Amino acid sequence: MSRFITKTLSALTPYTPGEQPQDMKYIKLNTNESPFEPSEKAVEIAKEHERRLNLYSDPQCILVREKLAEIYEVDKDEIVLGNGSDELLFFSFKAFCDESRPAVFPDITYGFYPVFSEINRVPYKEIPLRDDFSVNIDDYSEKGCTIFIANPNAPTGKALPVETIEELVKNHPDDVIIIDEAYVDFGGESCVPLIHKYENIIVIRTFSKSRSLAGARIGFAIGAKGVIGDLNTIRYSFNPYNINSMTMAMAYGVLCDEEYTYKNCRTIMENREFVSNGLKSLGFEVIDSKANFIFAKTEKISGGKLYDELKKRGVLVRHFDKERISDYNRITIGTKKEMETFTETVKKILKAGEQP
7 MSRFITKTLS
17 ALTPYTPGEQ
27 PQDMKYIKLN
37 TNESPFEPSE
47 KAVEIAKEHE
57 RRLNLYSDPQ
67 CILVREKLAE
77 IYEVDKDEIV
87 LGNGSDELLF
97 FSFKAFCDES
107 RPAVFPDITY
117 GFYPVFSEIN
127 RVPYKEIPLR
137 DDFSVNIDDY
147 SEKGCTIFIA
157 NPNAPTGKAL
167 PVETIEELVK
177 NHPDDVIIID
187 EAYVDFGGES
197 CVPLIHKYEN
207 IIVIRTFSKS
217 RSLAGARIGF
227 AIGAKGVIGD
237 LNTIRYSFNP
247 YNINSMTMAM
257 AYGVLCDEEY
267 TYKNCRTIME
277 NREFVSNGLK
287 SLGFEVIDSK
297 ANFIFAKTEK
307 ISGGKLYDEL
317 KKRGVLVRHF
327 DKERISDYNR
337 ITIGTKKEME
347 TFTETVKKIL
357 KAGEQP
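For the sequence shown, the numbering used here assigns the number 7 to the initial residue and increments by one for each residue that follows.
Written out as structure tokens, the structure reads:
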């Protein structure tokens, strides 16, 4: 950090992304990417746009918004696209939070929430999860704030039912509720239908996980026209061409091949059950997950030690230093072969630790 950065930002602690090491070939189970390549239909459509990159992309993202509107049964004006869901989350902090309207979110959740609060100079409050890592909406009674709930939550994978989220939304008619559904396609329930009943809920989704476009960087938010208009005000004030032409074409192609997406989701859920059962048979505690990852620990080896030993053997998982979850590791669900290799590697590590 140089001496020129503003005093406001000098104390900012940036978000730490998952490792992307280049020193050897790893089985990457640390960043919740899809193990499957993008749909062939998406790739073909993207190639058709290669020679149009001399022109600006469509700032209204009409084709993608119309296709999303068809799939989710909403109006296209109830949708806004972002450069990944992270950008839309940032816009939400910018639009709906300030010094007089703090942000509220769980103490164990997506690590960008406190970062976005700090960079926007927004006061924030972290609500502790229950002992079982679930969100208790009764703890979110404070009014005059903007609430952010990742559902399913990360890194735990636990999810709330729609009726519980609806109760939260009803209890806060004058507050905006942001539901971050990055992982909902792996067994969770979407809150998108609630946008037709309530003007104060925004559902944010991503193409990175279930639709295999993590590298393309595209997400979308669905909500009543008023709040979506607010997000567009921020977007047009920041970068109206925030989605590039190739990404937009890829996204449209993926949306035209929904069966491919949901076939992959079913496979990931099957692999999640396989590896969960495998770890439980080895004495692990595995939190019930509705995401494309699991959160697990064992008394046989510390979370940090297991992470280190796996990495030495070419398997990357995600470990967090936060005291309450330091015994756990988050394991992305990959292919069946990758999960078999992971499980066998864990067995070898545990066996080596038992030897005198």
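Backbone N, C-alpha and C fix where the C-beta goes; we use that ideal spot for every residue, glycine too.
Keep in mind it's a predicted model, so treat the numbers as computed, not measured.
- LEU94 is a Cβ neighbour of ILE210, given a cutoff of 8 Å.
- With the rule of 3 Cβ pairs closer than 8 Å, the segment 44–58 does not count as touching the segment 343–360.
- Our two residues, LYS203 and LEU87, have alpha carbons roughly 22 Å apart in a direct line.
- In the DSSP assignment, THR212 falls outside any alpha helix (DSSP H) and lies within the beta strand (DSSP E) extending over 207–212.
- Listed as beta-bridge partners of ASP263 by DSSP are no residues whatsoever.
- PHE10 sits exposed, since fewer than 16 C-beta atoms from the chains shown fall within 10 Å of its C-beta.
- Scanning the segment 227–309 for uninterrupted alpha helix (DSSP H) segments of 4 residues or longer gives 231–244, 251–261 and 264–287, listed from N- to C-terminal end.
- DSSP, reduced to helix, strand and coil, places ASP191 within a helical segment of the structure shown.
- Your pair ARG278 and SER295 checks out as a contact, with CB atoms roughly 6 Å apart and the cut at 8 Å.
- The three-state secondary structure of GLY225, taken from DSSP, is strand.
- DSSP, reduced to helix, strand and coil, places HIS202 within a helical segment of the structure shown.
- By the neighbour-count definition (other C-beta atoms within 10 Å, threshold 16), SER282 is a buried residue.
- Classified as exposed, ILE77 has fewer than 16 neighbouring CB atoms from the shown chains inside 10 Å of its CB.
- GLY194 sits buried, since 16 or more C-beta atoms from the chains shown fall within 10 Å of its C-beta.
- Excluding residues up to 5 positions away in sequence, ALA109 and TYR130 lie with their Cβ nearer than 6 Å to the Cβ of SER123 in the same chain.
- Between the segment 23–35 and the segment 242–260 there are fewer than three inter-stretch CB-CB distances shorter than 8 Å, so the stretches are not counted as touching.
- If you draw a straight line from the Cα of GLU72 to the Cα of ASP92, it comes to about 22 Å.
- According to the DSSP assignment, LYS47 belongs to the alpha helix (DSSP H) that extends over 46–53.
- Counting only runs of 4 or more residues that sit fully inside the segment 53–126, the alpha helix (DSSP H) segments are 68–78, 91–102 and 118–125, in chain order.
- In the DSSP assignment, THR14 falls within the unbroken alpha helix (DSSP H) covering 13–16.
- Assigned with DSSP and collapsed to three states, GLU132 falls in strand.
- With fewer than 16 other CB atoms across the displayed protein chains lying within 10 angstroms of its CB, GLU105 is exposed.
- A distance below 6 Å between beta-carbons, with the five flanking residues on each side excluded, links SER216 to the following residues of its chain, in chain order: ASP191, THR267 and CYS271.
- CA-to-CA, the gap between TYR32 and LEU316 works out to about 10 Å.
- Around the beta carbon of ARG324, 16 or more other beta carbons lie within 10 angstroms, which makes this residue buried.
- In the three-state scheme derived from DSSP, where H, G and I count as helix and E and B as strand, ALA156 is classed as strand.
- Membership of THR170 in the alpha helix (DSSP H) is indicated by the continuous run 168–177.
- Under a 10 Å Cβ-count criterion, MET254 is classified as buried, with 16 or more other Cβ atoms of the shown protein chains found around its own Cβ.
- Where THR338 is concerned, the enclosing beta strand (DSSP E) starts and stops at 335–338.
- Secondary structure note for ILE143: it is in no beta strand (DSSP E), with a DSSP letter that is neither H nor E.
- Around ILE133, the same chain offers PRO112 and ASP145 as residues with beta carbons nearer than 6 Å, after the five sequence neighbours per side are excluded.
- Residue state for ARG324 is assigned as strand, using DSSP reduced to three classes.
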